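So the protein lines, in turn, are chains C and D. In case it helps, the numbering used here puts the first sequence at residues 1 to 607. In case it helps, the numbering used here puts the second sequence at residues 1001 to 1607.
Number of protein chains: 2
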Amino acid sequence: MTVATPPSLPLNPRDLAFQLYEVLEAEALCARPRFAAGSREAFDAVLDTARAIAMDRFAPHQREQDIDEPRVEQGRVVTHAAVKPALAALADAGFLGATHDESLGGLQLPHVVASAAIAWFEAANVATSSYALLTTGAANLIATFGSDDLRRRFLPAMFAGRCFGTMALTEPDAGSSLADLRTTATRASDGTFHLTGTKIWISGGDQDISDNIVHMVLARIVGAPEGVRGISLFAVPKRHVAADGTPGAPNGVALGGLIHKMGWRGTTSTLLNFGEHAPCVGELVGAPHQGLACMFQMMNEARIGVGRAATAMGYAAYRYALDYARTRRQGRAPGEKDPRLPPIAIIGHADVRRLLLAQKATVEGALSLILLCARLVDDEQTAPTEAERSEAALLLEVLTPVAKAWPSEACQESISHAMQVLGGYGYAREYPVEQFYRDNRLNQIHEGTNGIQALDLLGRKVRQDDGAAVRVLVARMEATVARAHGRGGDLATLGDALGDGVQRLVRTTSVLTGDGACGDPALALANASVYLDLVSRTVVAWRWLEQALVADDGSARAADDEARDFYAGKRQAAQYYLTWELPRTVEQAALLQRLDATPYAMRDAWF
Amino acid sequence: MTVATPPSLPLNPRDLAFQLYEVLEAEALCARPRFAAGSREAFDAVLDTARAIAMDRFAPHQREQDIDEPRVEQGRVVTHAAVKPALAALADAGFLGATHDESLGGLQLPHVVASAAIAWFEAANVATSSYALLTTGAANLIATFGSDDLRRRFLPAMFAGRCFGTMALTEPDAGSSLADLRTTATRASDGTFHLTGTKIWISGGDQDISDNIVHMVLARIVGAPEGVRGISLFAVPKRHVAADGTPGAPNGVALGGLIHKMGWRGTTSTLLNFGEHAPCVGELVGAPHQGLACMFQMMNEARIGVGRAATAMGYAAYRYALDYARTRRQGRAPGEKDPRLPPIAIIGHADVRRLLLAQKATVEGALSLILLCARLVDDEQTAPTEAERSEAALLLEVLTPVAKAWPSEACQESISHAMQVLGGYGYAREYPVEQFYRDNRLNQIHEGTNGIQALDLLGRKVRQDDGAAVRVLVARMEATVARAHGRGGDLATLGDALGDGVQRLVRTTSVLTGDGACGDPALALANASVYLDLVSRTVVAWRWLEQALVADDGSARAADDEARDFYAGKRQAAQYYLTWELPRTVEQAALLQRLDATPYAMRDAWF
């Protein structure tokens, strides 16, 4: 059986341009000093470069790497031969330091542009991309919290792709519970620390791609307080790094084994032992016992990154299914009984269009959400006024669990729809969709399971600063509703739908966080996952109404049918999301507002 | 990394007994002449035998077979060595002819008992079980429609496991569209036919397990009408079968290749070429051009079988996750800040209990639905009065698409919940849950995609006989509602919920099938998948209210805490389903009743 021809591109460049320039007005960022050298032309050139490298270097080995997954030979990890040159091309083009200062070897791009560029790599090959993203994340930690010495010794090698990074939090007996970390750091006379302990699920924890690896490790300094207040962050290289940044002798980090995952197989997942047979030297990053606060920077970034990876995979599967539905001919229209007529392309079947429209609404809605978050990072860092910066920071706080969890779930459903469009071919490894289905499923688990995200949202984010973040979010959504009302007609009707949704969100939040409504804090948190889904649907509906408004503007000045069709598709997808997906929040709000205790009251012995 | 200890059993014997004897009153079947030799003791012995063979012979190679999947060596298929002895044990115990006459070598069991027994094999190893179920399905076709000669030559070998069966419908260019089948049958002078053509996705289409294989093939006799009215059914053996049933020289059936699936890897999926290099002889089964009607018998049986397989896999994943949640200790209760306290078992976390309760409600609800269908097959065939038999047949008609589609989707979500309970371990191939996730996903596709099931339900089943089948279903559901009202209290409240759901179903069906409501039949069918989900949720809610009523009776006479806990769990899961899952039909009914045209109106150019 031969493999079907892949569709031309796994993302739609027209949609990327729409999101970046029409919805998020990325060009306006060039008015800020940090991006003064930028321009739409420059941004487009970056996107074109990313797309070219992604398609030429990343896509070709995506499936091969899934079959020929990394293995251990004589104690050393062996990865697919195409991974190293692909990452070298990415590094050479500057993407490891895409948002960093030009003075440090970065491209000094806005996050919103860099994020769109990285989506190309993830859509083409998420496993190979992961090595790069983990490196950027680790570099960001060292850049923000590391000493000058650390920055000097590590960052140039990291931005150049000679030293990759990892994020080593989880331990076998303390999955999501960082309070129970047991890895220990003992202070040595030279100011370094000796680490002992075991970490699990460390992505990229060993490989044969880069000259060196630096693990960002959470551990407890001997004598530190119990719980999360006693955790410190360390940079632990695979090979010791000299004062000039040159890697030398091996450090005491031993590969305990590879874990074999359902998908995402090209990225090694490792068990690492620190200081087991040889001393393992680490250097403190940030202040002692402040490790969790430092790591949260990387985690927040990684969480939005998870959402972006899910979006990219969902998008790629959608594009493949769309091509398939346009070319695969089967069956006839309902009521057409003449078997002598030729079969129609399956996109002509209503249920296939439903599956495709649901995918479009999901993946383009997810892209809109993810790029908004990236734009908020830009605003948090470079908006002209303190008020704008702090508002962006608040909004980002409340949107981070949404941006992590919602795309991971909705895009999984979307990929499942893509599989259904292909039928048996969707389930066959000779076609690409099943790999997206396996790969993306990880996104609901890593960087904090979606259950953890729900607790983060309801237990922390919506309560912080007396609910300030939710108020900002609600104000933004209501502004969009008001604009929709101003247009009248169908847009006003969609505005009504979102307006009702926002009111449900406000009322539900008030019940769940109010003093009087619930005497039992555990009960108020028990249905946090439902609350996260309610907030997510409302937020994505908001992004769709925004897109519909921008499409309305665009349609009015569209020059040709192709442009008008594009905006009409946006309009239809917005209607789909607001009338098919948002109404789910009606029953969710009812369930949450009555503080339903059905799962909460379930007893172990009753199962 | 070591594999965790599997839970004791993938199904709960107590629940099987509850469904069979308390809910479906299987023992009462022994009053019917066909089952006069039966008894609860005899049925239990059958279930015990199935369980023992499943655990001893099927479970041990379930994962090995996923890794060491069937391959082609020198043109011949090689399967895992444990498959053949496992199936021999199943055949020796009589399960290939479980429901057939004792006079033909069958066990003459009620379908409801046989179905529960087969669920053990499917929960332990669905891939190996498939060879058996395909054989039983093919044997049923030959038994019902075959000539005496065919029956004599094939059935004994099939029931003994020497000759396996397949179902060869699909062709590469006509996936779900049987009207476009192109395989041709030319009548030979001896009354047999020579077949030429290609079939794809033929499960068990080649293997090294049985001495022979008989393919039940749909093909067109030369000169037959176009479309589905020109399709005939043929028995096409891999090796010619002599008058005494002995297999001889090879027939012209050539293996074109194996398809490599995401899951369910132990069952070969084949491309078969008929009459490519050598003549391929087939024998007509049933009348010419009546092939589709014959095949529908096998398909209906296979569709309920798909639902049972999904149920078994979902159940096994749930049981694994439950064991894991009871033994894995991590984190502390909300509000408990003391990190010196030991971590709690994760079943103590509300969100984990939610995931487990959702699984319980899904898999036990699915089991209840599937066993009801099996019981209806018994009633259709052996109920004392014609009225009962025809009512059972009607109910079965309308429930078949529900029994196929709903478990395949709901159990996939349930397995996804199991994976989430395990976190990273759920995603690792060192643990069993990810395989269930890959294996079960096929169930939404094969034996007619769920989109096809939706069209079958709304386009055919609910319209037949002026809606007679839906009326029977509604009457049964309303009877359950009335009984719940008779109990008062919480059960009456749940009865109200189902009563409202039934009214939504009635009203929605009336709108979608009524003459006046919709001038466009294609539009009425456009949202058939939503309608299928609405009907499914209502039906499963009904099965849960039934279980709650029976549990209420059981609880009143429970002898100990263990019994009371079991019934309390049923009660809580019923409440979960009726208050968390059924309310979804409110928005579905609104969408359907307004004949929403959002996906329907979407145009190709807008994507």
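Glycine included, every Cβ here is placed at the ideal spot set by N, Cα and C. Model, not experiment: these values are computed from the prediction.
Query - Coarse secondary structure for Arg336(C), derived from DSSP in three states - result: Here residue 336(C) corresponds to residue number 336 of the first sequence, with the count starting at 1. It is Glu, not Arg, that sits at residue 336(C) in the sequence shown. Coil, per DSSP.
**Report entry** Secondary structure of Ser1129(D), DSSP reduced to three states
**Finding:** Along the second sequence, read from residue 1 onward, the residue named residue 1129(D) stands at position 129. The answer is helix: DSSP assigns Ser1129(D) an H, G or I state.
Query raised in the report: Per DSSP, what kind of secondary structure is Val472(C) in: helix, strand or coil?
Result: Position 472 of the first sequence holds residue 472(C). In this structure, Val472(C) counts as helix in the three-state DSSP scheme.
Report task. For Arg529(C), go through chain D and note every residue whose CB falls closer than 8 angstroms to its CB, in chain order. Result -> Within the first sequence, numbered from 1, the residue matching residue 529(C) stands at position 529. Reading off the sequence, residue 529(C) comes out as Ser, not Arg. Under the 8 angstroms cutoff, chain D gives Asp1351, Arg1354.
Requested in this report: Note the first and the last residue of the continuous beta strand (DSSP E) segment covering Ile202(C).
Outcome: Within the first sequence, residue 202(C) is the residue found at index 202, counting from 1. First-last of the beta strand (DSSP E) with Ile202(C): 193 to 203.
Query raised in the report: Residues bridged to Leu233(C) by DSSP?
Result: For the purposes of this step, residue 233(C) is taken as residue 233 along the first sequence, with counting starting at 1. Leu218(C), Val285(C).
Query raised in the report: To the nearest angstrom, how far is it from the Cα of Ala1004(D) to the Cα of Gly1426(D)?
Result: On the second sequence, position 4 is the one that residue 1004(D) refers to. On the second sequence, position 426 is the one that residue 1426(D) refers to. Unreliable positioning characterises Ala1004(D) in this predicted model, as indicated by a pLDDT of 48, which lies under 50. A coordinate reading is not provided.
Report task. Using three-state DSSP, classify Leu1272(D) as helix, strand or coil. Result -> Here residue 1272(D) corresponds to residue number 272 of the second sequence, with the count starting at 1. If DSSP states are grouped into helix, strand and coil, Leu1272(D) belongs with the strands.
Query raised in the report: Which chain D residues sit within Cβ distance under 8 angstroms of Met611(C)?
Result: Only positions 1 to 607 of chain C appear in the structure, and residue 611(C) is not among them; the question remains open.
Query raised in the report: Would the beta-carbon of Ile415(C) fall within 8 angstroms of that of Ala317(C)?
Result: Position 415 of the first sequence holds residue 415(C). Position 317 of the first sequence holds residue 317(C). Result yes, Cβ atoms of Ile415(C) and Ala317(C) sit closer than 8 angstroms.
Query raised in the report: Taking Asp68(C) as the reference, which of Gly75(C), Trp264(C), Arg571(C), Leu591(C) has the closest Cα?
Result: Here residue 68(C) is taken as the residue at index 68 of the first sequence, counted from 1. Ranking Gly75(C), Trp264(C), Arg571(C), Leu591(C) by Cα distance to Asp68(C) puts Trp264(C) first.
Query raised in the report: With Met1216(D) and Leu1141(D) assumed to form a contact (beta carbons below 8 angstroms), what rounded beta-carbon distance in angstroms separates them?
Result: Within the second sequence, the letter at position 216 stands for residue 1216(D). Within the second sequence, the letter at position 141 stands for residue 1141(D). That belief holds up - the Cβ atoms of Met1216(D) and Leu1141(D) are roughly 5 angstroms apart, short of 8 angstroms.
Query - Assumed close pair Arg319(C), Asn12(C) - CB separation to whole angstroms, cut-off 8 angstroms - result: As a position in the first sequence, residue 319(C) is number 319, starting the count at 1. As a position in the first sequence, residue 12(C) is number 12, starting the count at 1. Arg319(C) to Asn12(C), Cβ: 7 angstroms. Contact.
Requested in this report: Verify whether the separation of the beta carbon atoms of Asp1596(D) and Thr585(C) is less than 8 angstroms.
Outcome: Within the second sequence, residue 1596(D) is the residue found at index 596, counting from 1. Within the first sequence, residue 585(C) is the residue found at index 585, counting from 1. No, the Cβ-Cβ distance between Asp1596(D) and Thr585(C) is not below 8 angstroms.
Requested in this report: Give, in chain order, every residue of the region 179 to 202 of chain C whose Cβ lies closer than 9 angstroms to some Cβ of chain D.
Outcome: Ala179, Asp180, Ile200, Trp201
Report task. Anything in the region 566 to 583 of chain C with a Cβ closer than 7 angstroms to a Cβ of chain D? List those residues in chain order, please. Result -> Ala568, Gly569, Gln572, Gln575, Tyr576, Thr579, Trp580, Pro583
Requested in this report: Answer yes or no: does any C-beta atom of chain D fall closer than 8 angstroms to that of Ala174(C)?
Outcome: Within the first sequence, numbered from 1, the residue matching residue 174(C) stands at position 174. Taking Cβ atoms only, chain D reaches closer than 8 angstroms to Ala174(C), which makes this a yes.
Requested in this report: Please confirm if Arg1586(D) has its CB atom under 8 angstroms from at least one CB of chain C.
Outcome: Numbered from 1 along the second sequence, position 586 holds the residue referred to as residue 1586(D). Here residue 1586(D) is Val; the residue named in the question, Arg, does not match the sequence. Taking Cβ atoms only, chain C reaches closer than 8 angstroms to Val1586(D), which makes this a yes.
**Report entry** C-beta atoms of Arg1303(D) and Gly1448(D) nearer than 8 angstroms
**Finding:** Along the second sequence, read from residue 1 onward, the residue named residue 1303(D) stands at position 303. Along the second sequence, read from residue 1 onward, the residue named residue 1448(D) stands at position 448. Cβ atoms of Arg1303(D) and Gly1448(D): closer than 8 angstroms.
Query raised in the report: Phe1607(D) and Lys360(C): beta carbons closer than 8 angstroms?
Result: Counting from 1 along the second sequence, the entry for residue 1607(D) is found at position 607. Counting from 1 along the first sequence, the entry for residue 360(C) is found at position 360. Yes, the Cβ-Cβ distance between Phe1607(D) and Lys360(C) is below 8 angstroms.
**Report entry** Secondary structure of Leu595(C), DSSP reduced to three states
**Finding:** For the purposes of this step, residue 595(C) is taken as the residue at position 595 of the first sequence. Coil.
Query raised in the report: How long is the line joining the alpha carbons of Arg614(C) and Val474(C), rounded to whole angstroms?
Result: Absent from the structure is residue 614(C), since the part of chain C shown begins at 1 and ends at 607.
**Report entry** Where Pro343(C) meets chain D, residues with beta-carbon distance less than 7 angstroms
**Finding:** Here residue 343(C) refers to the residue found at position 343 of the first sequence. Near Pro343(C) (Cβ distances below 7 angstroms), the residues of chain D are Ser1177, Asp1180.
Requested in this report: Using three-state DSSP, classify Cys280(C) as helix, strand or coil.
Outcome: For the purposes of this step, residue 280(C) is taken as the residue at position 280 of the first sequence. Three-state DSSP puts Cys280(C) in coil, outside helix and strand.
Report task. Determine, using beta carbons only, whether Asp1048(D) comes closer than 8 angstroms to chain C. Result -> Sequence index remark: in the second sequence, residue 1048(D) carries index 48 (1-based). Chain C, which has no Cβ nearer than 8 angstroms to the Cβ of Asp1048(D), makes this no.
Requested in this report: Closer than 8 angstroms by beta-carbon distance: list the chain C residues that pair up with Thr1598(D), in chain order.
Outcome: Position 598 of the second sequence, counted from the start, is the residue given in the question as residue 1598(D). The contacting residues are Leu357, Gln572, Gln575, Tyr576, Thr579, Trp580.
Query raised in the report: According to DSSP, is Thr1002(D) helix, strand or coil?
Result: Against the second sequence, residue 1002(D) aligns to sequence position 2. Here the model assigns Thr1002(D) a pLDDT of 43, short of 50, so the residue's position is not dependable and the matter cannot be decided.
Query - Nonlocal neighbours in the same chain, by C-beta distance under 8 angstroms from Thr1538(D), ignoring five residues either side - result: Residue 1538(D) sits at position 538 when you count from the first residue of the second sequence. Same-chain partners within the cutoff: Met1477, Leu1498, Gly1501, Val1502, Arg1504, Leu1505, Leu1582, Thr1585.
Query raised in the report: Do you know offhand how far Pro1172(D)'s Cα is from Thr1184(D)'s?
Result: Position 172 of the second sequence, counted from the start, is the residue given in the question as residue 1172(D). Position 184 of the second sequence, counted from the start, is the residue given in the question as residue 1184(D). C-alpha separation (whole angstroms): 15 angstroms.
Requested in this report: Give the residues of chain E in contact with Pro521(C), contact being defined as C-beta atoms less than 9 angstroms apart.
Outcome: Absent from the structure is chain E; the protein chains it does hold are C and D.
Query raised in the report: Name the chain D residues whose beta carbon is nearer than 9 angstroms to that of Glu226(C)?
Result: By 1-based counting over the first sequence, the position of residue 226(C) is 226. In chain order: Asp1338, Pro1339, Arg1340.
Query raised in the report: Cβ atoms of Leu87(C) and Ile202(C): under 8 angstroms apart, would you say?
Result: For the purposes of this step, residue 202(C) is taken as residue 202 along the first sequence, with counting starting at 1. For the purposes of this step, residue 87(C) is taken as residue 87 along the first sequence, with counting starting at 1. Not in contact: Ile202(C) and Leu87(C) (Cβ atoms no closer than 8 angstroms).
Query raised in the report: Can you find a C-beta in chain D that's less than 8 angstroms from the C-beta of Asp604(C)?
Result: Within the first sequence, the letter at position 604 stands for residue 604(C). Yes, contact with chain D.
Query raised in the report: Is Phe296(C) buried or exposed, if buried means 16 or more other CB atoms sit within 10 Å of its CB?
Result: Walking along the first sequence from the start, residue 296(C) turns up at place 296. Looking at its Cβ environment, which holds fewer than 16 other Cβ atoms inside 10 Å, Phe296(C) is exposed.
Requested in this report: Tell me, please, whether the CB atom of Lys1360(D) is closer than 8 angstroms to any CB atom in chain C?
Outcome: Counting from one through the second sequence, the residue named residue 1360(D) turns up at place 360. True, the Cβ-Cβ gap to chain C drops below 8 angstroms.
Query raised in the report: Leaving out the 5 sequence neighbours to the left and right, which residues in its chain are closer than 8 angstroms to Gly248(C) when beta-carbon positions are compared?
Result: On the first sequence, residue 248(C) is found 248 positions in, with the first residue counted as 1. Counting only Cβ-Cβ distances below 8 angstroms, and skipping sequence neighbours, we find Arg239, His240, Val241, Ala242.
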